[in-house]
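Numbered per numbering that gives the first Met the number 0, the sequence shown spans residues 0 to 109.
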Amino acid sequence: MHPTTRACAGLPIGRWTEIFFLLGSANRDDAVWVHPDEVRIDRKVGRHMSFGMGIHFCLGAPLARLEGEIAFATLATEAPDMELTDPNPTWRPGAVLPGLRRLDVRLDSA
């Protein structure tokens, strides 16, 4: 809340108005991102909110990036034929941060 009237994206925000930010909608603007609703490992890094910004930037971001890099590299090496068993997985609703209920995959046993 802010003690004075402000504007954001041309919309007036009254004095002491409470604002609820939906972080789950960050990085989903199709005017900015190509196929924003798809996970694309080869996506070029740009301005995104994945780990916050400024003083709210996640201190664990370097570790999370390293963990992701190791996990994806291991999956690519150890399970190159991994595939989804359900092309339409079920999503868990959430106003702040929705996610998958589960993501079932099939691994080649070779």
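Even glycine gets a Cβ: it sits at the ideal position worked out from N, Cα and C.
Candidates the options: closest to residue i by CA position
i          : options           : result
residue 28 : 48, 41, 1         : 48
residue 39 : 21, 16, 71        : 71
residue 98 : 24, 4, 20, 3      : 24
residue 90 : 100, 57, 42       : 100
residue 78 : 106, 57, 96       : 106
residue 19 : 96, 102, 103, 104 : 96
residue 17 : 76, 4, 55         : 4
residue 92 : 21, 13, 14, 6     : 21
Residues of its chain near residue i, where Cβ-Cβ distance is below 6 Å and the 5 sequence neighbours each way are ignored
i          : result
residue 80 : 107
residue 84 : 103, 105
*Would you list, in sequence order, the uninterrupted beta strand (DSSP E) runs of no fewer than 3 residues that lie entirely inside the segment 4-74?*
DSSP runs (the beta strand (DSSP E)) wholly in the segment 4-74: 5-7, 10-12.
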